[in-house]
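Note that the sequence shown covers residues 1 to 236 in the working numbering.
Okay, structure first, notes after.
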Amino acid sequence: MKIKCIIVDDEPLAREGMMMLVKDYSFLEVTGVCGSAMQANSLMAQDKPDLLFLDIQMPGIMGLDFVRSLTNPPMIIITTAYPNFALEGFELNVLDYLVKPITPERFLTAVNRARTLMESRKSETGNTVEDYFFIRSGNGFEKISFQEILYIEGCENYCSIHTAGGKYMTLTTMRSLEEQLPSGRFLRIQKSFIVAIDKIHSLNGNILKIGTRELPVSKNYKAALLELIDRKLIRK
């Protein structure tokens, strides 16, 4: 599944920076880059994007005013140096609000939200998301259900897929494997570990427990994990 996106920012360096972030994800396809809302409007008429990366402070029409003008807007991720417009942005139903400089971890969280929303929309129209993939195993192939996966461990160009039934080794990178996983069901907790969210047993400090295995959580990914836990936390 490809997410067609347009980058809208009046600063050339900001556009280049966004292109650098986008290029790391094969499920994102840039169909247009421009520096104003008027140019974006023309591109949208031609390309019908799924997602806009939209700056706020631009010449002519401001980013949020442009959002208000759209009758059937695509998904929108705001990219700006001004944090004080966040509430106004979310009132306009933007998907996410990224404050520059944008970190790779924060960018990943935002685009995973876009991918989750795209997948749910496809499911609603009858295009269900497959619940498995195949990996190479010896001279053949092994089918692995997403539901069976406990966690994935990366080591250079190899990955170990740990399931309730055993461990499978495959020659691929963590990033390539992560892009095949359904978003919303898996979470990266460290450079070398991706976990199945529904298989998490506990979190104590920086140690996450799945089954009998204790996995380290890095500070770069802990915020996303805590946000997930907070959404499910039973309160008084």
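Here a beta-carbon is modelled for each residue, glycine too, at the ideal position from N, C-alpha and C.
(request) Look at Tyr25 and Glu105 and say whether their C-beta atoms are less than 8 angstroms apart. (result) No, these two residues do not count as a Cβ contact at 8 angstroms.
(message) Given this structure, state the Cα-to-Cα distance separating His162 from Gly154, to the nearest angstrom.
(response) His162 and Gly154 have their C-alpha atoms roughly 11 angstroms apart.
(message) Using CA atoms only, rank isn't needed, just tell me which of Thr212, Asn84, Ile207 is closest to Ser218.
(response) Ile207
(request) Give the secondary structure of Pro101 by DSSP, where H, G and I count as helix, E and B as strand, and everything else as coil. (result) coil
(request) Taking Gly184 as the reference, give the member of Met58, Asp9, Leu108 with the closest Cα. (result) Leu108
(request) Would you list the one or two residues that DSSP bridges to Gln190? (result) Phe193
(request) Taking Glu179 and Arg188 to be in contact with their CB atoms under 8 angstroms, please state how far apart those CB atoms are, rounded to whole angstroms. (result) Actually they do not touch by this definition, with Cβ atoms about 12 angstroms apart.
(message) I need the straight-line Cα distance from Val30 to Val22, nearest angstrom please.
(response) 8 angstroms
(message) Let me confirm a value: Ala110 is counted as buried when at least 16 other C-beta atoms fall within 10 Å, else exposed. Which label applies?
(response) So Ala110 counts as buried.
(message) Are the CB atoms of Asp65 and Lys4 within a distance shorter than 8 angstroms?
(response) no
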